[in-house]
Amino acid sequence: MTELQRIMHVEDDPSIQQVAKIALEAVGGFSVHTCGSGMQALADYPTVAPQLILLDVMMPGMDGPTTLQQLQSRYDLTKVPVIFMTAKVQSSEIASYKALGAADVVAKPFDPMTLSNQIRQIWLDFHL
Amino acid sequence: MINQRISRTINFISWLGSILLLLLFSYLAWRGYQQTPTADVLQRWTLAFLASELLLLTLLSEVKRLIRSLLQEVKQSENLKRRAQIEAAEQLSKMASQLPGMVFQFLLKPDGSNSFMYCSEGIRDIFNLTPEQVKDDAGPLFDRIHPADTQTVRDSIIAATKQLTLWKIEHRVQRPNGDIIWVTSRAVPERQADGSVILYGFASDFTERKQVERLKDEFVSTVSHELRTPLTAISGAIGLLHGEVFGPLPQQAAQMAQLAQANVKKLQLLINDLLDMDKLIAGKMLFDIQPQPLLPVVEASLHDNQSYAQQYQVYYQLQAISADMWVNIDSMRLQQVMANLLSNAAKFSPPQAVVNITVQQQGDKALIRVIDNGCGISEQFKPYIFSKFSQADSSDIKSKGGTGLGLAISKQLMSRMQGEIGFQSEQDKGSEFYVLLPLANVAELPETD
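Protein sequence lines correspond, in order, to chains L and C. Residue numbers for the first sequence, in our numbering: 7 to 134. Residue numbers for the second sequence, in our numbering: 5 to 453.
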């Protein structure tokens with residue numbers, strides 16, 4: 007199993023983009039490519055070739071679940087875990103995101119100091 | 005009618021009396037004539053007969069007059085009574101017309117036919133109908149009830165009139181112009197000798213309140229969701245500073261970062277509570293209720309709250325009297341309730357105190373008790389303990405933290421899991437909060453190897 011390095015973060019809020027990028031790069035040592043919308047994620051995917059995607063659920067225009075469906079229909083995501091980031095973390099909602107093909111769900115607000123470890127664990131579980 | 009009957013009876017008595025008098029005096033005249041056969045005797049008896057006849061007719065006429073006057077008085081008194089009743093009904097109707105709604109007497113007959121025996125003018129504002137239109141048949145009013153609510157309204161009336169319980173319902177009404185309004189109705193049923201039931205009640209338009217409630221819920225929901233996005237960024241940024249990702253901070257700056265982080269956490273708790281309350285009120289909170297062993301859930305709650313209790317130098321002690329009970333719960337939601345009870349017990353206990361948690365079976369229920377020796381709850385505050393935004397003293401918010409929503413949410417959560425929550429407390433001696441949950445049916449439990 008290769009080590010996790012390239013992460014694509016899809017999030018419309020610039021402040022959260024910035025915090026997550028620093029948390030994942032400075033604390034976790036990953037390389038993060040940030041997309042401000044689902045459309046940008048679809049366009050950037052082939053050039054970035056991320057190993058893992060962090061996807062915000064509520065975004066204007068194309069929301070997280072639609073972005074995931076579009077990515078799945080265009081690219082092979084069987085080896086790319088997709089993690090939803092959302093404030094909606096009711097157990098039934100988590101189950102519905104997983105049914106869409108998400109590897110896991112990270113609750114918002116997240117702890118920037120533990121986010122990297124959390125994501126690394128999901129990555130390890132995904133490739134078990 | 006009655007006068008004619010009296011006249012006929014008096015006339016009959018008069019005829020009968022006259023005939024009897026005639027027979028009597030003829031007999032007496034005949035006897036007198038046999039003893040003294042002179043014309044003078046006959047004349048005397050004839051005069052006596054005429055005098056008696058006159059007396060009889062006078063008496064009967066007097067009786068007739070007396071009865072008539074008595075009848076007249078009865079009639080007058082009845083008229084007066086009827087007029088008083090009409091006046092009272094008119095006064096009541098005038099008062100009812102000023103009420104912001106419709107007062108009614110709804111009659112449901114054993115054959116299922118129904119009508120409004122009385123209906124105030126309020127029916128015009130609510131249903132756009134007149135009282136006369138529903139006097140003999142309530143059908144026009146039922147036609148105005150929103151099609152999606154008609155059956156519910158009918159079913160609720162049938163249930164209330166069968167069980168003779170208070171009828172209470174909120175439903176929509178579709179006005180002829182297409183407007184939809186919300187109506188709340190309540191009535192008490194009363195069975196009549198013929199088997200029919202009369203509902204005495206009141207209905208009012210509460211569309212405005214419904215709209216305000218909806219706006220308030222939408223506002224809370226929107227604000228809470230909108231607050232979460234900046235809060236995620238603030239919390240993340242402070243977390244990075246406090247985590248010294250950009251290098252060590254000067255001592256005072258580190259203190260400030262810690263202070264900011266602690267307050268962001270408080271804000272997160274408040275928003276979470278507001279969102280939970282919002283979901284519970286709107287019925288949008290989804291529950292994943294599964295039969296499962298109770299003790300591991302309680303143990304997990306204790307584990308999760310241990311560090312919180314340590315802040316107050318308080319310790320939890322678990323005593324599992326009945327260890328193998330299964331209950332139907334959403335474990336996440338029960339842990340939320342337990343977190344509230346455990347954190348409250350820790351917050352209000354003195355340092356070095358022990359909070360006892362017991363888990364035991366009580367009849368067909370599982371009982372969890374959280375017992376502290378803290379400051380207890382005052383008598384004045386006891387009735388409000390499960391109310392929204394309730395805190396014994398507003399200064400509690402500053403000294404103890406919390407939103408005042410925790411117990412209100414816990415009560416709602418327990419109710420959704422068919423459980424109960426309650427407490428007993430004595431001021432300055434401590435409190436005991438308990439949770440009761442029905443035990444899972446053994447037949448429902450998953451098979452184990």
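Glycine included, each C-beta is placed from N, C-alpha and C at the ideal position.
Rounded straight-line distance, which links the Cα of residue j to that of residue i
i: C/D4; j: C/L84; result: Residue 4 of chain C lies beyond the range of chain C shown here (5 to 453); nothing can be said about it.
i: C/F131; j: C/T362; result: 57 Å
i: L/D131; j: L/V111; result: 13 Å
i: C/A264; j: C/K270; result: 10 Å
i: L/D62; j: C/L441; result: 37 Å
i: L/S79; j: L/L48; result: 10 Å
i: C/Q137; j: C/K214; result: 28 Å
i: C/S101; j: C/R190; result: 18 Å
i: C/E57; j: C/F29; result: 10 Å
i: C/A261; j: L/D69; result: 34 Å
i: C/P327; j: L/Q46; result: The amino acid occupying residue 327 of chain C in the given sequence is Ala; Pro does not appear at that position. Those two C-alpha atoms are separated by around 54 Å.
i: C/A370; j: C/L409; result: 25 Å
i: C/K288; j: C/N118; result: 38 Å
i: C/Q314; j: C/S353; result: 12 Å
i: C/L112; j: C/R218; result: 35 Å
i: C/W171; j: C/D115; result: 20 Å
i: C/V216; j: C/V192; result: 29 Å
i: C/L54; j: C/I71; result: 26 Å
i: C/V439; j: C/I275; result: 25 Å
i: C/I161; j: C/T169; result: 10 Å
i: C/D282; j: C/Q416; result: 11 Å
i: C/P387; j: C/D308; result: 30 Å
i: C/G251; j: C/F223; result: 41 Å
i: C/V78; j: C/I90; result: 18 Å
Contact under 7 Å by Cβ, residue i with residue j
i: L/S43; j: L/R12; result: no
i: C/D147; j: C/R176; result: no
i: C/G434; j: C/D376; result: yes
i: L/C34; j: L/S122; result: As written in the sequence, residue 34 of chain L is Gly, which differs from the Cys given in the question. In contact: L/G34 and L/S122 (Cβ atoms closer than 7 Å).
i: L/I128; j: L/A101; result: no
i: C/A412; j: C/F390; result: yes
i: C/V301; j: C/A350; result: no
i: L/P71; j: C/S239; result: no
i: C/T165; j: C/V201; result: yes
i: L/I22; j: C/L244; result: no
i: C/S11; j: C/P104; result: no
i: C/Y316; j: C/S347; result: no
i: C/I127; j: C/M106; result: yes
i: C/S305; j: C/Q339; result: yes
i: L/M91; j: C/G247; result: no
i: C/L443; j: L/S98; result: no
i: C/A33; j: C/L46; result: yes
i: C/N267; j: C/Q321; result: no
i: C/Q364; j: C/I425; result: no
i: L/H15; j: L/A32; result: no
i: C/F108; j: C/G21; result: no
i: C/T211; j: C/I173; result: no
From the options, residue whose alpha carbon lies closest to that of residue i
i: C/R4; options: C/K68, C/I23, C/R48; result: Outside the displayed range of chain C (5 to 453) lies residue 4 of chain C, so it cannot be described from this structure.
i: L/H133; options: L/A49, L/K27, L/Q57, L/M14; result: L/Q57
i: C/F120; options: C/I127, C/F110, C/R128, C/G126; result: C/F110
i: L/K81; options: L/Y51, L/A32, L/V88, L/Y103; result: The displayed chain sequence assigns Tyr, not Lys, to residue 81 of chain L. Closest option to L/Y81, Cα to Cα, is L/Y51.
i: C/D280; options: L/P118, L/A49, L/A93; result: L/A93
i: L/T73; options: L/E9, L/L10, L/A32, L/D18; result: L/D18
i: C/S414; options: C/I6, C/S81, C/E125, C/I285; result: C/I285
i: L/A55; options: L/P87, L/V95, L/L30; result: L/P87
i: C/A257; options: C/N267, C/I242, C/V268; result: C/I242
i: L/A105; options: L/T120, L/I89, L/D117, L/A113; result: L/I89
i: C/F427; options: C/Q76, C/L299, C/N309, C/V374; result: C/V374
i: C/G378; options: C/Q416, C/A343, C/Q431; result: C/Q431
i: C/I23; options: C/L60, C/I149, C/Q76, C/R72; result: C/L60
i: C/G367; options: C/T211, C/P387, C/M329, C/R86; result: C/M329
i: C/Q384; options: C/V341, C/S429, C/L145, C/I325; result: C/S429
i: C/M418; options: C/Y388, C/L345, C/S382; result: C/L345
i: C/T62; options: C/Q89, C/A93, C/N15, C/T40; result: C/N15
i: C/T226; options: C/P144, C/A237, C/R179, C/L278; result: C/L278
Chain B contact for residue i (CB, 7 Å cutoff)
i: C/A237; result: Absent from the structure: chain B. Protein chains present are L and C.
Contact between the region 333-349 of chain C and the region 280-300 of chain C is defined here as three or more beta-carbon pairs at a separation below 8 Å; is this criterion met? yes
Would you list, in sequence order, the uninterrupted beta strand (DSSP E) runs of no fewer than 3 residues that lie entirely inside the region 10-94 of chain L? 12-16, 37-41, 58-62, 88-92
Does the contact criterion of 3 or more C-beta pairs under 8 Å hold for the region 195-210 of chain C versus the region 224-244 of chain C? no
Complete beta strand (DSSP E) runs within the region 286-322 of chain C (minimum length 3 residues, chain order): 294-297
Runs of alpha helix (DSSP H) lying entirely within the region 48-136 of chain C, each at least 4 residues, in chain order: 126-131
Can you list the alpha helix (DSSP H) stretches of 4 or more residues lying completely in the region 139-167 of chain C, in chain order? 143-148, 151-167
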